[in-house]
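So in our numbering the end of the sequence shown lands on 182, straight run, no missing numbers. Even glycine gets a Cβ: it sits at the ideal position worked out from N, Cα and C.
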Amino acid sequence: MFGIVFLVILVVIAVILAGMYNSLVQLRVRCDSAWSDIDVQLKRRHDLIPNLVETVKGYAAHEKGTFENIAKFRSQAMQATTPEGKAVAENQLTGALKSLFAVAENYPELKASEQFTQLQGALSQTEDSIQNARRYYNAVVRDLNTKIQVFPTNILAGMFNFTPRQFFETAEADREPVAVKF
């Protein structure tokens, strides 16, 4: 009788531990998937930017510094591999794009261009998709990080090397409006 009770207790403990481990694995996979979603949207953004720059160049060729910054920050963003690195690079690129749109405001014929309007709309839609993907990624990271830190899953997480993930955050400087000077 004692052996059966002991066996039942061991089975219950094993099921609980398996459930905790599986929930950690599921959250880790969801983090990877959410990061992949961000990466896809950022790739789309990176593909749109050269077309947008070329369109604006035709109207505002003397804005060389703005175009150079966009090219530099786009390159850095494409080369970044970690969430932290991508966040920094993407925030710089966002600032450069804001400057590009500020330049475009000074050219009414550019704003009236159908190609520019379509590119601007596509980029705006992509920015919305990036925001949604970031929000989802950060929610999954929050869930994983919480699970890793709370008892009793923190013991299991430590045993199997589950590590907290970094949030995809906006830099403090990007919370301020962009100052454009001509």
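Item: Check whether Gln-41 and Ile-130 have beta carbons under 8 Å apart; Value: yes
Item: His-46: first and last residue of the uninterrupted alpha helix (DSSP H) it sits in; Value: 2-59
Item: Three-state secondary structure assigned by DSSP to Gln-166; Value: coil
Item: CA nearest to the CA of Leu-123, picked from Leu-93, Ile-16, Arg-45; Value: Arg-45
Item: Counted within 10 angstroms of its Cβ, other Cβ atoms place Leu-10 as buried (16 or more) or exposed; Value: exposed
Item: Between the CA atoms of Ala-80 and Asn-69 - distance to the nearest angstrom; Value: 16 Å
Item: Nearest-angstrom Cα separation, counted from Phe-6 out to Ser-23; Value: 26 Å
Item: Cβ-based burial, Glu-84 [other Cβ within 10 Å; buried from 16]; Value: exposed
Item: C-alpha gap between Gln-120 and Thr-163, whole angstroms; Value: 39 Å
Item: Segment contact flag, the segment 30-38 with the segment 138-146, C-beta cutoff 8 Å, min 3 pairs; Value: yes
Item: Same chain, Cβ closer than 8 Å to Arg-134, five either side skipped, listed in chain order; Value: Ile-38, Phe-168
Item: Assigned exposure category for Ser-99 - 16 Cβ within 10 Å defines buried; Value: buried
Item: Boundaries of the alpha helix (DSSP H) in which Phe-160 is found, first to last residue; Value: Element bounds for Phe-160: n/a, residue is neither H nor E.
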